[in-house]
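Below is one structure, written out as structure tokens; the observations come after it.
Numbering (the numbering used here), first residue to last: 6 to 453.
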């Protein structure tokens, strides 16, 4: 009996945890919590949402696709990075970084660098110089276009950026990458030289070791933060990209360490593949690396849009009368703000003012704009659109609002045209609705 009770109790506990993670946590509002609890709950929401997106957006399949495109474009991408490095005079630094980066596959790096040098010679010394450069740029653009396509899919962005915008964005990334590589080497060298110049290098060797170990993390954090902002064709806020950049940069560095040290335990594959062992290992490294990067994009999306998922199920199933109630509350908040001569609010401010979930707020704001009770406004000092009444606030009654909500949408199904009985029912229904709403025909929303 005791075992059955213990099993039942454990099962109930699992069910409660599952319900909390799937349902209850999305009903918790920030006003109910302390700052510490709010931080922990929001962090848990981000992890849940990004984990769900990992499977919903099929990130494994996306990573496999990007692995293929990266393999096809690895020589052109390296060629462009090294060409930029040559232009600034730090080609050898980049080559040394690549050797260290792929330290577990040292036999692969000479081949890649040889391919890169041959590629650049063909591009520079070919019969048509412009054609060689064009092929190089097209190869790099194609790879980045696939990356953007996958990022846009995660962000639910349907439209890619223009060709000119693609060119400027992608090649700004290509220019920043070698700069970060040089910085990662330069910082450690500069720090060591300064310690030696002051004659305290031996006493502060632990500090030098710390800087050497933390520098790669900082470089990866910076690079991934920039990628998560630049690649999606939508506005990404810095703080959310930085959060994901730190998480993903740390995961990537840990994976690098595990990958390099794990090579010692893969000697059996050398017997099977021989000198070709670098190829499956490179494919494995690319696949996992892209999984980490795509998860970072998912985490950025979750961090920025987490409030949209509060009460998501209830918003989709909201009753007509509660929708009307929420619309009145939102309309009242906007009208009172306008009446007091204060600046207009954006959707997030309206949601906080009216205590309505942001997803429901956005839906109702779109509806109120559609029925011509609100107007959307854009100002140079405001990145988000704001909302103001579209007509005299002394004419916006509760009846006007309810009538326009009820009449919003199509009614042209011609059901009443097929039967006089149906037509009479339709007329009676409209009369009943009008009579019900007449009780609030003189009630202004601003007076509620």
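We put the CB at the ideal spot given by N, CA and C, even for glycine.
- When the Cα atoms are used, residue 242 and residue 440 turn out to be separated by approximately 49 Å.
- The secondary-structure analysis by DSSP pairs residue 379 across a beta bridge with 394.
- Residue nearest to residue 450 within the set 369, 332, 175, 370 is 332 (criterion: CA-CA distance).
- If you draw a 10 Å sphere on the C-beta of residue 307, you find 16 or more other C-beta atoms in it, and that means buried.
- Around residue 295, the same chain offers 68, 71, 72 as residues with beta carbons nearer than 7 Å, after the five sequence neighbours per side are excluded.
- Here the alpha carbons of residue 412 and residue 418 stand approximately 14 Å from one another.
- If you look at residue 320, you'll find it in the alpha helix (DSSP H) that goes 317 to 321.
- Rounded to the nearest whole angstrom, the CA to CA distance from residue 310 to residue 434 is 41 Å.
- Per the Cβ contact rule, the stretch 318 to 326 is not in contact with the stretch 170 to 177 (fewer than 3 Cβ pairs under 8 Å).
- The criterion of a C-beta distance shorter than 8 Å is satisfied by residue 349 and residue 392.
- Contact check between the stretch 257 to 267 and the stretch 24 to 38: fewer than three CB pairs, one atom from each, fall below 8 Å, which does not count as touching.
- Three or more Cβ pairs closer than 8 Å define a contact, and the stretch 229 to 239 meets that threshold against the stretch 142 to 155.
- No residue range can be given for residue 95, since it is assigned to no alpha helix (DSSP H) and is classified by DSSP as neither H nor E.
- The beta carbon of residue 401 is closer than 8 Å to those of 336, 340, 378, 394, 449, 450, 451 in its chain, skipping five residues each way along the sequence.
- Residue 355 is positioned such that its CB atom lies closer than 8 Å to that of residue 366.
- Counting every other CB atom within 10 Å of its CB across the protein chains shown gives residue 342 a total of 16 or more, marking it as buried.
- Taking the Cα of residue 75 as reference, the smallest distance to any Cα among 290, 442, 416 is reached at 290.
- For residue 43, the enclosing alpha helix (DSSP H) covers residues 40 to 61.
- The DSSP-derived three-state label of residue 313 is helix.
- When only Cα atoms are considered, residue 56 and residue 390 end up about 31 Å apart.
- For residue 453, the secondary structure class from DSSP, reduced to helix, strand or coil, is coil.
- Within a 10 Å sphere around the beta-carbon of residue 346 sit fewer than 16 other beta-carbons, which makes this residue exposed.
- When the beta-carbon positions are compared, residue 305 and residue 334 stay at least 8 Å from each other.
- 82 is the residue among 407, 326, 82 whose C-alpha sits nearest the C-alpha of residue 117.
- The residue from 436, 383, 42, 373 with its alpha-carbon nearest to that of residue 410 is 373.
- Counting along the chain, the unbroken alpha helix (DSSP H) around residue 359 starts and ends at 352 to 359.
- When the Cα atoms are used, residue 148 and residue 229 turn out to be separated by approximately 17 Å.
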